[in-house]
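Just so we're aligned: 350 in the numbering used here is position 350 of the first sequence, and the numbers increase by one with no gaps anywhere.
Idealized CB from N, CA, C, for every residue including glycine.
Working notes, structure below.
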Amino acid sequence: MRTSIGQIGSFVGETVTLEGWLYNKRSSGKILFLQVRDGTGLIQCVVVRNEVGDELFERCRRLTQESSIVVSGVVRRDERSQSGYELSVTDVTLVQESADYPITLKEHGVDFLLDHRHLWIRTPRQRAILKIRSEVERAISEFLHEQGFTRVDPPILTPSSCEDTTELFHTQYFDEEAYLTQSGQMYCEAAAMALGKVYSMGPTFRAEKSKTRRHLIEFWMVEPEMAFYQHEDNLALQEQFVSHIVQHVLEHCPHELEVLGRDTSKLSQVRPPFPRLTYDEAIRWLQDHGHDIQWGDDFGAPHETALASQYDRPVFIERYPTQIKAFYMQPDPQRPEVVLCDDLLAPEGYGEIIGGSERIHDYDLLQQRFEEHDLPLDGYGWYLDLRRYGSVPHAGFGLGLERTIAWICGLEHVREAIPFPRLLYRLYP
RNA sequence: UCCCCGAUAGCUCAGCGGUAGAGCAUCCGGCUGUUAACCGGAGGGUCGUAGGUUCGAAUCCUACUCGGGGAGCCA
1 MRTSIGQIGS FVGETVTLEG WLYNKRSSGK ILFLQVRDGT GLIQCVVVRN EVGDELFERC
61 RRLTQESSIV VSGVVRRDER SQSGYELSVT DVTLVQESAD YPITLKEHGV DFLLDHRHLW
121 IRTPRQRAIL KIRSEVERAI SEFLHEQGFT RVDPPILTPS SCEDTTELFH TQYFDEEAYL
181 TQSGQMYCEA AAMALGKVYS MGPTFRAEKS KTRRHLIEFW MVEPEMAFYQ HEDNLALQEQ
241 FVSHIVQHVL EHCPHELEVL GRDTSKLSQV RPPFPRLTYD EAIRWLQDHG HDIQWGDDFG
301 APHETALASQ YDRPVFIERY PTQIKAFYMQ PDPQRPEVVL CDDLLAPEGY GEIIGGSERI
361 HDYDLLQQRF EEHDLPLDGY GWYLDLRRYG SVPHAGFGLG LERTIAWICG LEHVREAIPF
421 PRLLYRLYP
């Protein structure tokens, strides 16, 4: 019976065949322990000389790390095994012999591991992270579809900047200048006017020379955009959304979180409502706690960490000064010097995982903002059109996938939260 | 772009002015319950590159290259 390690518990007492790779091997003279992995799990296969004969035993003794093999044997429950099950081997076939596998079970440096990322992802820890990434993506899709959202896929190649500050990757589009997208938001706004509630999920690119544990050059964002949503609706959706993602991973990935050594008691508390601070309150709190910061300054990483560390769940900071936020954000009608926006800061120092806002829906105000920010009106005609033909209040946000995964997994660095990270000065493999 | 740190065996590191070292990996041998198994043996090096100081440089100095951590910017 051909099966996988993840299903092995259903075959106790039966003879099964597994297809996988040799993760590790220990020998003890006349008994051999093969640690075999197949992507669904890890199992110890026991080869006893007296049971299998000298020829097979000798072949197993010569198997090398990461050789691909097909193993047959009888499934046993065994308390001495870490997974609870073992396989008593009856036959082993070599598919391909692996020679001089570079990644050993000992410690390795970051540079070496990143150079061998194509092999590093075979280790149990990296497998657990990628599994959780997949479940985070599934939780996102399932939640948003249940809430009536339609997925739209905005373009990667764009004619110009969506915002005015950050640096973009430049490329040629035949005879035209083009850039890799840094946000699908403006396209999602157009799609929200067609479909009501929409979201995009895909890669974005920032050509910034950021070199910290929170930055990737190529990273993934989920960007929901909702017609007829205002600031309060936006915040309520965000806290339900983030809570759902965290609870989904807790439910579906207990084994993976254990492999990562994650303290899940902190994640269990992530449920609505999330604490909220206005920008004004946050500035005052920071000033009261010895930080040198004035109203009108943007928060630095140490400020975010200090603010977030007060809470056991993510915290909203809302209503930032208009002057330090993006041009398309809706001013607070009571206080036009601030905008109806929010940042969501993850606990435990993981920083900003969401940036969101209500968008300007008034044509004249948006056009005025274009002039103030010296943006080329001709390239944004289509974006202004959205405010000419049935404009409605709308809001949306962007969630950084790798930062969210790094937080849920308790990672030191976002580079482990994506299969093949693109980092400053690193494009290989 | 700025600040700090690093580069020695396939890997992780020690050595910090006087003959190049250890553990793991590899190969050989031993062990019937191992858990990054263990025990014995063997092979394995232009000490990142280029200059300089010195009787003598892996070691001290300068520049460069590559990488790591952080800041700014951002998600």
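Check the DSSP bridge columns for residue i and list the partner residues they point to.
i	result
A395	M226, E358
I317	L277, D343
I405	None, per the DSSP bridge assignment.
R2	T17
E352	L345
L42	R37
G73	V16, V89
V242	Paired residue(s): none; V242 is not in a bridge.
What is the DSSP secondary structure of residue i, counted as helix, strand or coil?
i	result
D164	Because D164 carries a pLDDT of 47, less than 50, the predicted location of this residue cannot be relied on, and no value is offered for it.
E218	strand
S67	coil
T212	coil
V414	helix
Q35	strand
Y199	strand
Y23	strand
G300	coil
F205	strand
V259	helix
G400	strand
V338	strand
R61	helix
P331	strand
R430	This structure cannot settle anything about residue 430, because the visible part of the chain is limited to 1 through 429.
L48	With the sequence shown as reference, residue 48 is identified as Val, and Leu is not the correct amino acid for it. In this structure, V48 counts as strand in the three-state DSSP scheme.
Q310	coil
G184	coil
P421	coil
G390	coil
G29	coil
Am I right that residue i and residue j are in contact with their C-beta atoms under 8 Å? What's the rounded C-beta distance?
i	j	result
P321	E337	6 Å
F205	L180	4 Å
L119	P102	7 Å
G379	R214	Not quite, the Cβ-Cβ distance comes to about 31 Å (not below 8 Å), so this is no contact.
S67	L32	Actually they are not in contact, since the Cβ atoms of S67 and L32 sit about 14 Å apart, beyond 8 Å.
R217	L423	Note that residue 217 is Ile in the sequence shown, not Arg. With a Cβ gap of about 6 Å, I217 and L423 count as contacting.
I354	L344	4 Å
T150	V198	5 Å
V315	L277	6 Å
P25	L63	In the sequence as presented, Pro is not what sits at residue 25; that position holds Lys. K25 to L63, Cβ: 6 Å. Contact.
H252	E146	Wrong, their Cβ atoms sit about 16 Å apart, outside the cutoff.
Using only the heavy atoms of the ligand ADP, determine whether one of them is closer than 6 Å to the beta carbon of residue i.
i	result
R2	You won't find the ligand ADP in this model; it holds no ligand whatsoever.
Among the candidates the options, whose CA atom is the shortest distance from the CA of residue i?
i	options	result
E232	R319, D91, G398	R319
M226	Q96, H170, I129, F397	F397
I408	I132, L427, F370, A192	I132
P273	D280, L401, L237	L237
Q7	Q65, I140, D54, L87	L87
G29	E58, W21, S10, V16	E58
Q44	V75, Q247, N50	V75
Q368	L18, A346, Y328, L399	Y328
R459	L195, A417, S391, V392	Nothing can be reported for residue 459: it is not among the residues displayed for the chain, which extend from 1 to 429.
R388	M221, E19, G400, L366	L366
E208	T17, Q247, L168, F228	L168
A98	G184, S357, Q65	The amino acid occupying residue 98 in the given sequence is Ser; Ala does not appear at that position. Among G184, S357, Q65, the Cα nearest to that of S98 is on Q65.
L260	E177, D91, Q126	Q126
P347	L105, S268, P393	S268
Report the start-end ranges of each beta strand (DSSP E) in the stretch 76-117 that is 3 residues or longer and not cut off at the edges.
85-96
Entirely within the stretch 115-181 and at least 4 residues each: give me those alpha helix (DSSP H) ranges in chain order.
117-120, 124-146
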